[in-house]
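Everything on this sheet refers to the single structure shown next.
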Amino acid sequence: MTKQPTLGFIGLGLMGKPMAAHLLKAGFVLWVHNRSQVAVDELVAQGAHKASSAKEVAEHADIIMTCLPDSPDVEACVLGENGILAGAKPGLIVIDHSTIKPATARHLAAALAERGMHFLDAPVSGGQIGAQNGTLTTMVGGDAGALEAARPALEAFSKAITHIGGPGAGQVAKCCNQMMVAAQMAAMAELLILARKAEVDPQKVVAAIQGGAAQCWALDNKPQLLFAGNRQPGFKAYMQVKDMGIVMETAKELGMPLPATAANTQLFNAMMALGMQDLDNSAIVGVMEQLAGVDLL
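Counting from 12, one number per residue, gives the positions in the sequence shown under the numbering used here.
Quick look at the structure:
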């Protein structure tokens, strides 16, 4: 009988904390670390072990998962002083659930491979609700064998796990995901405000179109929250902006234009200028309210 691996989780924010909680519910031994101790204490109360650093997590864990804000945070967590590599042993699998640059994922995969370890870039989609419900979609780049070793742990919070390809491929898939999310949110904002400007009930418009060719995740999940006056995250707008920056930088590296995505990126940047950075990404409707001179409600 194969011994169950000891897990580590670093980064216990809106996504990371519920993901870690699902690992505990699945019966894994789990070491956790986070800058804010409140989330650590909550998970310790549920049975987790507290680590004072990423290095200490690595000293105990066979598989470490990270869920951090951006590329520099992941690099520091893995390669920095008191980081994962400082306490790691050969055979360690590091699974990064952050949304970072594909180039950063490839760099970290190469750095760990030199030490006999694996790095899987495994960004997720489904938002805070998906993390809480354990129904995230996980897209993975890196070694297929390492993924299979880690799959039982990933299944604790994933409804679907897809191996996309080699290092960085998971992050390329996440770029594509965020392009579509941004497009849906922007189109939804425009159609809602068009209906309101034309003095047509936007709730009835949504009911009419979401069963046809316009059906999409955004229309299925966001309008009723907006109609109730709820623009709280969810997925914060400033994180959407960060992700769009990664998309545009990746496209620049590839030498290709993304005209529609560039326009949507400008709309999300307008949210920042209007002070809406901590609202849900669906609150991009507020930008359209400003442009059209009419409120949704």
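Heads up, the beta-carbon is just placed ideally off N, CA and C, and yes, glycines get one too.
All figures in this text were calculated on a predicted structure; none of them were measured in a lab.
Please check the pair residue i and residue j, which I expect to be a contact at CB under 8 Å, by giving their CB distance rounded to whole angstroms.
| i | j | result |
| --- | --- | --- |
| residue 153 | residue 184 | In fact, because the Cβ distance is near 12 Å, the residues do not count as touching under 8 Å. |
| residue 61 | residue 43 | 7 Å |
| residue 134 | residue 118 | Contact flag wrong, Cβ pair sits at about 16 Å. |
| residue 272 | residue 193 | 7 Å |
| residue 236 | residue 199 | No, residue 236 and residue 199 are not in contact; Cβ-Cβ is about 11 Å, not under 8 Å. |
| residue 189 | residue 254 | 4 Å |
| residue 18 | residue 51 | Not a contact, Cβ separation roughly 15 Å. |
Can the beta-carbon of residue i be found less than 7 Å from the beta-carbon of residue j?
| i | j | result |
| --- | --- | --- |
| residue 74 | residue 95 | no |
| residue 69 | residue 116 | no |
| residue 191 | residue 248 | no |
| residue 113 | residue 177 | no |
| residue 137 | residue 146 | yes |
| residue 20 | residue 31 | yes |
| residue 292 | residue 238 | no |
| residue 111 | residue 131 | no |
Where does residue i land, buried or exposed, given buried means 16+ other C-beta within 10 angstroms?
| i | result |
| --- | --- |
| residue 82 | buried |
| residue 72 | buried |
| residue 308 | exposed |
| residue 258 | buried |
| residue 302 | exposed |
Can you tell me whether DSSP reads residue i as helix, strand or coil?
| i | result |
| --- | --- |
| residue 76 | strand |
| residue 171 | strand |
| residue 238 | helix |
| residue 12 | Per-residue confidence for residue 12 stands at a pLDDT of 40, beneath the threshold of 50, marking its modelled position as unreliable; the derived number appears in the next sentence. Note: residue 12 maps to coil in three-state DSSP. |
| residue 307 | coil |
| residue 259 | helix |
| residue 111 | coil |
| residue 28 | helix |
| residue 273 | helix |
| residue 285 | coil |
Could you confirm whether any beta carbon from chain B is found closer than 7 Å to the beta carbon of residue i?
| i | result |
| --- | --- |
| residue 176 | The structure shown contains no chain B; it holds only a single protein chain. |
Legend entry - Touching by the beta-carbon criterion (3+ pairs, under 8 Å), the stretch 165-174 and the stretch 23-38: yes
Inset, instruction - Check whether the stretch 268-286 touches the stretch 218-229, counting contact only when three or more Cβ pairs, one atom from each stretch, lie closer than 8 Å. - result: no
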